[in-house]
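Before any comments, here is the structure.
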Amino acid sequence: MTAALLSLSADEFRPHSLHAVERTWTETNCYVDVWIEVLHALGLDPVAAGAFTLSTDFEGDQWTFFKFPPEDLRTLFGLEISELNVWKPVIDHVTEQLLLGRLCTVEVDSWFLPDTRGVSYGIAHVKSTIVPQMVDREGRRLGYFHNAGYFELDGDDFDGVFRLGGHADPSGLPPYVELIRLDRVRRHDPDLASRVVSLTREHLGRRPTDNPITRLGRRLALDMAWLVQQDLETFHLYSFGTCRQCGATAELASSFVEWLNRNDRPGTESAAAAFRDLAAGAKALQFALARVVRGREVDLAAILAPMEQNWDDATATMVQHYGG
3 MTAALLSLSA DEFRPHSLHA VERTWTETNC YVDVWIEVLH ALGLDPVAAG
53 AFTLSTDFEG DQWTFFKFPP EDLRTLFGLE ISELNVWKPV IDHVTEQLLL
103 GRLCTVEVDS WFLPDTRGVS YGIAHVKSTI VPQMVDREGR RLGYFHNAGY
153 FELDGDDFDG VFRLGGHADP SGLPPYVELI RLDRVRRHDP DLASRVVSLT
203 REHLGRRPTD NPITRLGRRL ALDMAWLVQQ DLETFHLYSF GTCRQCGATA
253 ELASSFVEWL NRNDRPGTES AAAAFRDLAA GAKALQFALA RVVRGREVDL
303 AAILAPMEQN WDDATATMVQ HYGG
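Residue numbers for the sequence shown, in our numbering: 3 to 326.
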């Protein structure tokens, strides 16, 4: 028996424009990326849910690992998201929930995800989040959302994802699983824009009280002597937590502000542009850090200074228009 929520084909699936190759950051993090495509497949607009980007911060040793807050998705679209108690094999939970018309997010090992070929598939054990939407247990086939798309796998990869057969590990801890209830979903809500505006004001009210780019720059200066002694893998982990999360947040914020300009009222175009420039600056910073690690002289302050101004300008414009 096959359990499936949507009629999808990996070959025909077209990702959302937030994952277009023309963007500065084509991927954000595994959780936001998978939600972008899930919302897209459900006929919901992920851009409208981007208000949370306005309250992200530098957390001392990394940028906020940003996620769509469950309460925001409930407010905007009527989705109900909660942790699922994993008391039996994960495949049993996922299959049953699909048959009930629900989805689950599941933490899995990217070693078994063929869409990560060349990065972690069969190479490295890396935690990632997928959303299964088709399970054929007898045929050992899985259709799943992951990162910037929708994919399919089968055979040994199926067993690995669900820890079946030779991949069973009775002593292993159960993965983190969330339940996504869709029975109250709102796809055509005339009040969506007003809901988005309310969330915008709420997140602006929780914005950092000082410039987080300034604090990011200070931490980079402290970490440089340590970072140049590290291997390439450590550098990639470091840049992911700093440059990529900062830049991807800013680019999503830019797209969100553009949505507000189209669907609420104009006047914040300059904030969208400033966030877009901040995203590009974070990409330049990532490349600069790579040169530093290779032993080259780079003026990081020259990159960080305009990024600081971008954040100030974008935030000031948004507060002027929406308060907070």
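C-beta atoms are modelled at their ideal positions from N, C-alpha and C, and glycine is treated no differently.
These numbers were taken from a predicted model, which means no experiment stands behind them.
Distance check between D191 and each of D225, V179, L78 and L302 places L78 closest, using alpha-carbon atoms only. K285 is classed as buried because its beta carbon has at least 16 other beta carbons within 10 Å across all chains shown. Taking a contact to require three or more Cβ pairs closer than 8 Å, the segment 169-179 and the segment 98-110 qualify as touching. The secondary-structure analysis by DSSP pairs A5 across a beta bridge with V137.
Taking the CA atoms as reference points, D158 sits about 18 Å from T4. G283 sits buried, since 16 or more C-beta atoms from the chains shown fall within 10 Å of its C-beta. Its Cα nearest to that of R197, the residue A50 stands out among P17, L46, T317 and A50.
The DSSP-derived three-state label of R217 is helix. Separation of G62 and A6 (C-alpha to C-alpha, rounded to the nearest whole angstrom) is 42 Å. Between C245 and N149 a beta carbon distance of about 18 Å is seen, past the 8 Å cut, so the two are scored as non-contacting.
Shown here for Y152: same chain residues with a beta carbon closer than 6 Å to its own, the five before and five after excluded, namely L10, A12 and F15 in chain order.
Residue range V92 to L101 is occupied by the alpha helix (DSSP H) that includes V96. Between the segment 89-97 and the segment 129-145 there are three or more C-beta pairs closer than 8 Å, enough to call the two in contact.
By the criterion of at least three beta-carbon pairs nearer than 8 Å, the segment 18-30 is in contact with the segment 249-268.
Taking C-alpha positions only, G249 is separated from W313 by approximately 11 Å. Runs of the beta strand (DSSP E) spanning 3 or more residues and lying entirely within the segment 156-226 occur at 179-183, in chain order. E39: member of the alpha helix (DSSP H) spanning C32 to A43, first to last residue. Going by DSSP, D111 is part of the beta strand (DSSP E) stretching over L105 to D111. Comparing alpha-carbon positions, the option among V300, R264, F54 and G45 lying closest to V187 turns out to be G45.
Assignment of E154 by DSSP, reduced to helix, strand and coil, places it in the strand class.
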